[in-house]
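Anchor point for the sequence shown: position 336 equals 336 in this note's numbering, and the numbering is continuous, going up by one each time.
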Amino acid sequence: MTVSNQKFVPLDWKQESPSALLDRIRDAEIVGMGGAGFPTHLKFEAALRAEHRSVIANGVETDPGVSADKTLLRQNGNDVIEGIRIAARVLNATSCILAVSERSIANQLKEGNSSDIDIVEVENTYQNGEERVLIEKLMGRRIASDVYPATLGIIVLNVATLFAICESVRDGLPVTKRLATVMGHDQWCEIGTPVHDLAPSSDKLRVGSFANGRPADSKVSLQPTHNAVSIDRANSAMPCIRCGWCDTACPKHLPVERLLNEATGSLSAPTSLTHLNDCNDCGACVVSCPSGIPIIDYIRGSRDRENNSRTAERRASEALSRFEAKQQRISTRNQRTLDDRESRMQQDHKWQ
């Protein structure tokens with residue numbers, strides 16, 4: 001991802017129109033900084049088509065060993081609050097909620113802030129930071145997995161995203177840095193910096209948590225979506241001892257051990273794509289594993305293979321359908337030509 005260093009004219013967001021604020025968010029190329037990287041202005045545009053709109057600020061940090069969002073809230077909580085208010089103005093939102101997982105942070109943010117934003121303490125579990133789970137916890141609304149919350153008028157934004165919105169609108173600053181947990185320490189990092197420069201180590205690294213981050217080679221640089229740089233513990237993994245702790249730890253009650261065994265070839269039964277897609281890579285299984293197996297890597301690999309296989313099958317089926325339809329059209333056209341010729345041959349002609 002290319003980072004723009006273009007600075008903007010600071011805006012008085014209380015006086016500017018919502019459309020001007022949305023234009024700034026678009027021009028600053030702000031994306032979701034909680035992991036997905038979806039363009040933030042597209043979320044706003046989807047929500048604006050709904051009748052009632054709400055903003056949820058997600059400060060529930062659940063990735064194991066990562067504390068960047070908590071540190072951001074402690075150090076720059078008022079900027080995050082201002083980012084929420086800017087988002088609310090863009091959407092003309094009827095409600096704003098900031099969810100945090102530590103009481104001390106909640107108490108700090110409540111001091112001196114008006115009641116236009118509800119600051120709610122949420123239990124720090126692996127699932128509570130997930131978008132749909134958080135919406136259900138805070139609003140009592142269960143949203144199907146095939147429905148995007150933004151289309152219902154509910155926008156969930158990571159606190160780092162809201163901080164970036166505040167800086168781009170209020171201060172005219174581009175997104176050139178982010179707070180990340182590097183080897184257990186929270187620090188401001190320039191986006192685009194090679195991760196091996198941020199964490200000089202002979203060990204292999206991951207971007208994200210040690211449990212659910214992704215392996216990073218020497219070419220990988222820090223992106224807006226990367227909340228951490230961690231040591232890759234995969235090299236020290238031991239064989240699976242069939243303890244079942246991963247099954248017990250999974251908050252979605254998935255058959256994790258079976259999925260792992262299928263991925264490693266220990267079982268030949270076909271993997272359930274439903275189970276693979278239900279996994280949201282929270283990392284609870286990796287944390288619980290006494291053998292230190294990077295289970296999420298295997299599940300992601302299986303999921304990618306299964307989805308690619310299904311996609312290939314679907315495309316092949318669609319191609320066959322198109323081919324058969326084309327052959328049918330050719331056959332129909334040829335038959336029509338023959339029928340027309342036969343009809344002409346049966347007609348009486350003036351020269352006869």
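A virtual CB, placed ideally from N, CA and C, is assigned to each residue, including glycine.
Distance, glycine 59 Cα to valine 367 Cα | Residue 367 lies beyond the residue range present for the chain, which begins at 1 and ends at 352; the question has no answer from this structure.
| Taking the alpha helix (DSSP H) that arginine 222 falls in, what are its first and last residues? | A quick correction: the sequence has leucine, not arginine, at residue 222. Careful: leucine 222 lies outside any alpha helix (DSSP H) and carries neither H nor E.
Open item on the list: Short of 8 Å in beta carbon distance, which residues of its chain neighbour valine 133, apart from the five on each side in sequence? Order them along the chain.
Closed with: Apart from sequence neighbours up to five positions away, the residues of its chain that approach valine 133 with a beta-carbon distance below 8 Å are Gln127, ordered along the chain.
**Request:** Report all residues from its chain with a CB closer than 7 Å to the CB of leucine 254; omit the five preceding and five following residues, and keep chain order.
**Result:** Result list for leucine 254: His275, Asp278 and Cys279, in chain order.
Can you tell me which of Val220, Val120, Thr176 and Gly83 puts its alpha carbon nearest to the alpha carbon of leucine 157? Comparing Cα-Cα distances from leucine 157 to each of Val220, Val120, Thr176 and Gly83, the minimum goes to Gly83.
*Roughly how many whole angstroms lie between the Cα atoms of arginine 417 and arginine 341?*
Only positions 1 to 352 of the chain appear in the structure, and residue 417 is not among them; the question remains open.
Q. Measuring CA to CA, which of Ser17, Ile25 and Ile30 is closest to glutamine 223?
A. The shortest Cα separation from glutamine 223 among Ser17, Ile25 and Ile30 belongs to Ile30.
Check: Beta carbon of valine 175, beta carbon of alanine 28: below 8 Å?
Finding: Taking 8 Å as the Cβ cut-off, valine 175 and alanine 28 qualify as a contacting pair.
(Q) Starting from glutamate 324, trace the alpha helix (DSSP H) in both directions and tell me its first and last residue. (A) Run containing glutamate 324: 295-346, per the alpha helix (DSSP H) assignment.
Identify, in the order they occur along the chain, each residue of the same chain with its Cβ nearer than 8 Å to the Cβ of proline 18, setting aside the five sequence neighbours on each side.
-> Excluding sequence neighbours, proline 18 sits near Arg89, Val90, Leu91 and Asn92.
Original post:
Quick one: what does DSSP say lysine 355 is sitting in, helix, strand or coil?
Top reply: As displayed, the chain neither begins before 1 nor continues past 352, which places residue 355 out of reach and without an answer.
Rounded straight-line distance, which links the Cα of cysteine 282 to that of methionine 33: Cα to Cα, the separation comes out at about 16 Å.
- prompt: DSSP three-state call for glutamate 111: helix, strand or coil?
  reply: Under the three-state reduction of DSSP, glutamate 111 is assigned to coil, being neither helix nor strand.
Asparagine 261 to arginine 214 span [Cα, whole Å]: Distance between the alpha carbons of asparagine 261 and arginine 214: 21 Å.
Where do the ends of the beta strand (DSSP E) carrying threonine 40 lie?
Threonine 40: not part of any beta strand (DSSP E); member of the alpha helix (DSSP H) spanning 40-48, first to last residue.
### Query
What whole-angstrom Cβ distance do asparagine 227 and isoleucine 296 have, given they're in contact under 8 Å?
So it is not a contact: roughly 16 Å between Cβ atoms.
Self-check item: 6 Å Cβ shell around arginine 329 - same chain, five flanking residues per side excluded
Solution: Scanning its chain for C-beta atoms nearer than 6 Å, with the 5 sequence neighbours on each side dropped, one finds no residue around arginine 329.
Aspartate 118 - partner residues in DSSP beta bridges
BP columns for aspartate 118 point to Ile97.
Which residue marks the beginning of the alpha helix (DSSP H) containing tryptophan 245, and which one marks its end? Element bounds for tryptophan 245: 245-249.
For valine 60, which three-state DSSP category applies? Correct three-state label for valine 60: coil.
8 Å Cβ cutoff met for lysine 43 and isoleucine 155: The beta carbons of lysine 43 and isoleucine 155 sit closer together than 8 Å.
Quiz item: Is leucine 22 closer than 8 Å to histidine 41 when the C-beta atoms are compared?
Solution: Yes, they are a contact pair.
Based on DSSP bridge pairs, tell me the residues matched to alanine 180. Beta-bridge analysis with DSSP links alanine 180 to Gln187.
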